[in-house]
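**Q** The structure that follows is given in the form of structure tokens.
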Amino acid sequence: MKKYNFSPGPAILPQVVFEEASAAVKEFAGTGFSILEISHRSAAFKEIMDEGEALIKEILHLNDDYEVLFLTGGASSQFYMSAMNLLAKDKTAAYLDTGTWSTKAIKEAKLFGNIDVVASSKDSNFNYIPKDYQLQGDTSYLHLTSNNTIFGTQIHSWPDVDVPLVCDMSSDIFSRKLPIEKFGMIYAGAQKNTGPAGVTLVVIRKDMLGKVEREIPTMLDYQTHITKKSAFNTPPVFPIYVSVLNLRWLKAHGGIEEMQKTNERKALRLYDAIDQSAYFIGTAAKEDRSMMNVCFLMNDPSREAEFLAAATEAGCESIKGHRSVGGFRASIYNAMPEEGVETLINVINNFS
Ligand SMILES: *Cc1c(COP(=O)(O)O)cnc(C)c1O
Numbered sequence: 178m179k180k181y182n183f184s185p186g187p188a189i190l191p192q193v194v195f196e197e198a199s200a201a202v203k204e205f206a207g208t209g210f211s212i213l214e215i216s217h218r219s220a221a222f223k224e225i226m227d228e229g230e231a232l233i234k235e236i237l238h239l240n241d242d243y244e245v246l247f248l249t250g251g252a253s254s255q256f257y258m259s260a261m262n263l264l265a266k267d268k269t270a271a272y273l274d275t276g277t278w279s280t281k282a283i284k285e286a287k288l289f290g291n292i293d294v295v296a297s298s299k300d301s302n303f304n305y306i307p308k309d310y311q312l313q314g315d316t317s318y319l320h321l322t323s324n325n326t327i328f329g330t331q332i333h334s335w336p337d338v339d340v341p342l343v344c345d346m347s348s349d350i351f352s353r354k355l356p357i358e359k360f361g362m363i364y365a366g367a368q369k370n371t372g373p374a375g376v377t378l379v380v381i382r383k384d385m386l387g388k389v390e391r392e393i394p395t396m397l398d399y400q401t402h403i404t405k406k407s408a409f410n411t412p413p414v415f416p417i418y419v420s421v422l423n424l425r426w427l428k429a430h431g432g433i434e435e436m437q438k439t440n441e442r443k444a445l446r447l448y449d450a451i452d453q454s455a456y457f458i459g460t461a462a463k464e465d466r467s468m469m470n471v472c473f474l475m476n477d478p479s480r481e482a483e484f485l486a487a488a489t490e491a492g493c494e495s496i497k498g499h500r501s502v503g504g505f506r507a508s509i510y511n512a513m514p515e516e517g518v519e520t521l522i523n524v525i526n527n528f529s
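Going from the sequence shown to the numbering used here is simple: count from 1 and add 177.
Below you can see the structure in the form of structure tokens.
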């Protein structure tokens, strides 16, 4: 039986990516060596880095004002690196508090400047995206979490503000079109929708930099990684390579435009099945529902084990919800085929 991986992350990647990655572990690009042993400064790997940067620029429609970096430390390191590099001590950064990850980002940013939490959906267990808020006059940027992986909410309408957006897009980058000119910086841990764990993608507009006086350790300074083209130290060679394989797959399948169409089709069908069943209920406010992480509860929680067993039996793995929401969460990133979603819909329908 075919098994489908609905895990929130590390998450599903296309099968062809696994096959190409395995081949490169044995021998990379006719070099006679494994990808795991080649130098990060070899011509063959430099080509991969250049290709990765070019693919990201093409897929996200970035102009030359933006730099693309491959870093380590996860999205969690960007919580402090972003503020350390972008927020002057006497300035304010506005944060929208939409879940566990933004709460963590706020905590770290407070080490570097004034943080104004402009709105929070905490009192309703982060089941919606706040939309009415004002920024203070001295605000340098507005930080957002575009998709709340744990709570299954997603920003569908980007705020109309006159400061740049700094956005944690870990779980929905490359899933839909973006008004890129609004963004001063985007960051994403790769393991949700980009590649394997171990590399963190940072896209930064150059005019965001050079505004802080503080001394920044060399490794934590974005300028270092821009100047050294993400190879100041040894970059995570294999995670970068696998991410590039995935981006090639994405481009060959119509880029972000096609991904968005398929993702919307998959998510709307799944939400429809949940809404039509008397046994299940979606947790997120309808207008803020995530197209990537579909969270739902059972009206009768005592039957959760039974539903989980039925899902597992049908090949749907890792659908248990995060402990802070309970119930179920189906993560349906770019690489989740429509048949996988169809299989889960059948389980829901049969159960109902
Ligand atoms: C998973 C996740 C993170 C944490 O990523 P790490 O790479 O593990 O640090 C941060 N933000 C969001 C939105 C996530 O989904």
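Glycine included, each C-beta is placed from N, C-alpha and C at the ideal position. None of these values were measured; they are calculated from a predicted model.
Which of helix, strand or coil does DSSP assign to residue 497?
**A** strand
**Q** Mind checking which residues open and close the beta strand (DSSP E) that includes residue 506?
**A** 505 to 508
**Q** Does the beta-carbon of residue 322, which I'm using as the reference point, lie nearer than 7 Å to any heavy atom of ligand 1?
**A** yes
**Q** Going by Cα to Cα distance, which pick from 305, 319, 379, 316 is closest to residue 243?
**A** The option with the nearest alpha carbon to residue 243 is 379.
**Q** Grab me the residues of residue 299's own chain with a C-beta within less than 7 Å of its C-beta, minus the 5 sequence neighbours each way, in chain order.
**A** 274
**Q** Run through DSSP, which three-state label would residue 270 get?
**A** strand
**Q** Near residue 517, which residues of its chain fall below 7 Å by C-beta distance, leaving aside the five closest residues on each side in sequence?
**A** 181
**Q** Which first and last residues belong to the alpha helix (DSSP H) in which residue 293 is found?
**A** Taken as a continuous stretch (DSSP letters only), residue 293 belongs to no alpha helix (DSSP H), being part of the beta strand (DSSP E) at 291 to 297.
**Q** Put residue 330 into one of helix, strand or coil per three-state DSSP.
**A** strand
**Q** With DSSP as the reference, identify every bridge partner of residue 320, one or two as the case may be.
**A** According to DSSP, which records beta bridges pairwise, residue 320 is partnered with 272, 343.
**Q** Run through the region 409 to 473 for me and flag every whole alpha helix (DSSP H) of 4 or more residues, listed as ranges in chain order.
**A** The region 409 to 473 contains, as complete alpha helix (DSSP H) runs of 4+ residues, the segments 414 to 429, 432 to 453 (chain order).
**Q** How long is the line joining the alpha carbons of residue 156 and residue 401, rounded to whole angstroms?
**A** The displayed coordinates of the chain run from 178 to 529. Any statement about residue 156 would go beyond what the structure contains.
**Q** Assign residue 188 to one of two classes, buried (16 or more other C-beta atoms within 10 Å of its C-beta) or exposed (fewer than that).
**A** Counting Cβ neighbours within 10 Å, residue 188 comes out buried, since at least 16 surround it.
**Q** For the candidate residues 465, 489, 495, 497, whose alpha-carbon lies nearest to that of residue 322?
**A** Nearest in C-alpha terms to residue 322, of all of 465, 489, 495, 497, is 465.
**Q** Where does the unbroken alpha helix (DSSP H) through residue 545 begin, and where does it stop?
**A** Residue 545 lies beyond the stretch modelled for the chain, which goes from 178 to 529, so this question has no answer here.
**Q** Any heavy atom of ligand 1 within a distance shorter than 7 Å of the CB on residue 298?
**A** no
**Q** Return the residue from the list 343, 442, 526, 382 that minimises the CA-CA distance to residue 259.
**A** 343
**Q** For my contact list, residue 426 and residue 191 are in at a C-beta cut-off of 8 Å; report their separation, rounded to the angstrom.
**A** 5 Å
**Q** Kindly indicate which residue of 430, 216, 203, 497 has the alpha-carbon position closest to the one of residue 514.
**A** 430
**Q** Given residue 383, which residues of its chain have a CB within under 7 Å of its CB, disregarding the five upstream and five downstream residues?
**A** 242, 244
**Q** Threshold first: 3 residues or longer. Then list the beta strand (DSSP E) segments lying entirely within the region 338 to 411, N to C.
**A** 342 to 345, 360 to 366, 377 to 382
**Q** Can you tell me where the alpha helix (DSSP H) with residue 303 in it begins and where it stops?
**A** Here residue 303 belongs to no alpha helix (DSSP H), and DSSP marks it neither H nor E.
**Q** Assuming residue 250 contacts residue 395 (C-beta within less than 8 Å), just tell me the rounded distance between them.
**A** No, residue 250 and residue 395 are not in contact; Cβ-Cβ is about 14 Å, not under 8 Å.
**Q** For residue 312, which beta-bridge partners are listed by DSSP?
**A** Beta-bridge pairing links residue 312 to no other residue.
**Q** With H, G and I counted as helix, E and B as strand and the rest as coil, what does DSSP make of residue 224?
**A** Residue 224 falls in the helix class under three-state DSSP.
**Q** When you compare each of 521, 220, 501 to residue 486 by their alpha carbons, which one comes out closest?
**A** 521
**Q** Tell me where the alpha helix (DSSP H) around residue 248 begins and ends.
**A** Taken as a continuous stretch (DSSP letters only), residue 248 belongs to no alpha helix (DSSP H), being part of the beta strand (DSSP E) at 243 to 248.
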